[in-house]
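Enquirer: Residue numbers (the working numbering): 9 to 356. Glycine is no exception: its CB is placed at the ideal position from the N, C-alpha and C atoms.
1. Buried or exposed for residue 82, please, with buried defined as at least 16 other CB atoms from any protein chain shown within 10 angstroms of its CB.
2. Residue 100 and residue 54: beta carbons closer than 8 Å?
3. Can you list, in chain order, the stretches of the beta strand (DSSP E) that have 3 or more residues and sit fully within the segment 208-256?
4. Less than 8 Å between the CB atoms is what I'm expecting for residue 323 and residue 337, so what's the real figure, rounded?
5. Would you check if the distance between the CB atom of residue 247 and the CB atom of residue 239 is smaller than 8 Å?
6. How many Å lie between residue 214 and residue 340 at the Cα?
7. Leaving aside the five residues before and after residue 296 along the sequence, list all residues of the same chain whose C-beta is less than 6 Å from its C-beta, in chain order.
8. Work out the CA separation of residue 350 and residue 357 for me, nearest whole Å.
9. Quick check on residue 358: buried or exposed, where buried means 16 or more other Cβ atoms within 10 Å of its Cβ?
10. Can you list, in chain order, the residues of its chain whose CB lies under 6 Å from that of residue 26, leaving out five sequence neighbours each side?
11. Sorted by chain position, which residues of the same chain lie with C-beta nearer than 7 Å to residue 235's C-beta, five sequence neighbours on each side aside?
12. I think residue 299 touches residue 310, with their Cβ atoms under 8 Å apart; what is that distance to the nearest whole Å?
13. What does the Cβ neighbour count give for residue 67, buried or exposed, with the cut at 16 atoms within 10 Å?
14. For residue 306, I'd like the list of residues in its chain whose CB is within less than 8 Å of its CB, leaving aside the five on either flank, ordered along the chain.
15. So the alpha helix (DSSP H) residue 95 belongs to, where does it begin and stop?
16. Output the distance between the C-alpha atoms of residue 168 and residue 36, rounded to the nearest integer angstrom.
17. On the CB-based measure, 16 or more other CB atoms within 10 Å of its CB, does residue 94 come out buried or exposed?
18. Around the Cβ of residue 353, are there at least 16 other Cβ atoms within 10 angstroms (buried) or fewer (exposed)?
19. Measure how close the beta-carbons of residue 52 and residue 85 come, nearest whole angstrom, since I'm counting them as under 8 Å.
20. To the nearest angstrom, how far is the alpha carbon of residue 344 from that of residue 317?
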């Protein structure tokens, strides 16, 4: 490239793009502040400073698209800058339509001469064989067009791939929603066969469920006392009635109390007398005249005289309520009625 052409090219690149006549409608003292006044990140500050933008005035005199001329300045950086301006009640220059260049008047005489010169140049450029010779300038122009075309095609391919990936994600999300809807449809049909909402269905079921009367547990006349890590009982006014001699004591139920001493369980009455010897591995309080006790690793039920009512053959058992209890055997739970212990309705 000749020196003259290089000079013209440099001048063309440095052509100003800012509107020098635009005056931002803000206080001059604010416009003269540095970038630190906006409280933007160090990254954005470095990009602006590298482009020669060091004051608030240099920022607000530009439109949004002017900032994309700054190398590596992206949409995220612009968003941060706009937020910082909003916080200071500032804004960028409003976008304006670029005035289209009016066509220059045609000088017919000059155009005619120019046309004749172009014809002469074309004739000179052709060789003896009549074919046009390719000048170095034309070759460079062709190369630039080829490179530009390749870049354009590459950009198009990337955009097409991005659209394809986005469409695939949307299709997958829609397919997942459809599958979830199909899974929930049978459940809605089962819970709401008559079209009533699930919440209303639960409320109606709760109303129809029989209510068990609330059991009142009045305070016992005895309270537990501890002395030297041993347990006993006293009246509520502090008078000792059962000497603290047990490792643990339960509360009195049906005038009987389950006690533990040296890993053995039994029962005493309110006078502190041992009614049922401490011979069981574990025991629960009496309920409706029966207590679940363990011996030999299995449990059964006894009455208040210590007689075995339900044989020791179960892995676990619950308190008796309304004449029945739950027992567990071989991994299954069943309903057992005290009056007919041989008939057990196994639940699972």
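Expert: Taking the definition as stated:
1. For the purposes of this step, residue 82 is identified with residue 74 of the chain shown, where counting begins at 1. Classification of residue 82: exposed, given that the 10 Å Cβ count is below 16.
2. Taking the first residue of the chain shown as position 1, residue 100 is located at position 92. Taking the first residue of the chain shown as position 1, residue 54 is located at position 46. Not closer than 8 Å, so no.
3. 230-235, 238-243 and 248-254
4. Working through the chain shown from its first residue, we reach residue 323 at position 315. Working through the chain shown from its first residue, we reach residue 337 at position 329. 6 Å between Cβ atoms; contact.
5. Taking the first residue of the chain shown as 1, we reach residue 247 at position 239. Taking the first residue of the chain shown as 1, we reach residue 239 at position 231. For residue 247 and residue 239, no; Cβs fall outside 8 Å.
6. As a working note, residue 214 is residue 206 in the chain shown. As a working note, residue 340 is residue 332 in the chain shown. Residue 214 and residue 340: Cα-Cα distance of roughly 28 Å.
7. Here residue 296 refers to the residue found at position 288 when the chain shown is read from its first residue. The answer, listed in chain order, is 328.
8. Here the chain has residues from 9 to 356 only, and residue 357 is not among them.
9. Because residue 358 is not part of the residues shown, which for the chain are 9 to 356, the question remains open.
10. Here residue 26 is taken as the residue at index 18 of the chain shown, counted from 1. Nothing meets the Cβ criterion.
11. By one-based count along the chain shown, residue 235 stands at place 227. Hits under 7 Å: 252.
12. Taking the first residue of the chain shown as position 1, residue 299 is located at position 291. Taking the first residue of the chain shown as position 1, residue 310 is located at position 302. Their Cβ separation, rounded to whole angstroms, is 6 Å, which keeps residue 299 and residue 310 in contact under 8 Å.
13. Locating residue 67 in the chain shown gives position 59, counting from the first residue. By the neighbour-count rule (16 or more Cβ atoms within 10 Å), residue 67 is buried.
14. Locating residue 306 in the chain shown gives position 298, counting from the first residue. Closer than 8 Å at the Cβ level, and outside the excluded window around residue 306, lie 320, 321, 322 and 323.
15. Position 87 of the chain shown, counting from 1, holds the residue named residue 95. Its alpha helix (DSSP H) spans residues 83-95.
16. Sequence index remark: in the chain shown, residue 168 carries index 160 (1-based). Sequence index remark: in the chain shown, residue 36 carries index 28 (1-based). Answer to the nearest angstrom: the Cα atoms are 48 Å apart.
17. Counting from 1 along the chain shown, the entry for residue 94 is found at position 86. The residue is exposed, with fewer than 16 neighbouring Cβ atoms inside 10 Å.
18. For the purposes of this step, residue 353 is identified with residue 345 of the chain shown, where counting begins at 1. Result: exposed.
19. Walking along the chain shown from the start, residue 52 turns up at place 44. Walking along the chain shown from the start, residue 85 turns up at place 77. Their Cβ separation, rounded to whole angstroms, is 5 Å, which keeps residue 52 and residue 85 in contact under 8 Å.
20. As a working note, residue 344 is residue 336 in the chain shown. As a working note, residue 317 is residue 309 in the chain shown. Between residue 344 and residue 317, the C-alpha separation is close to 12 Å.
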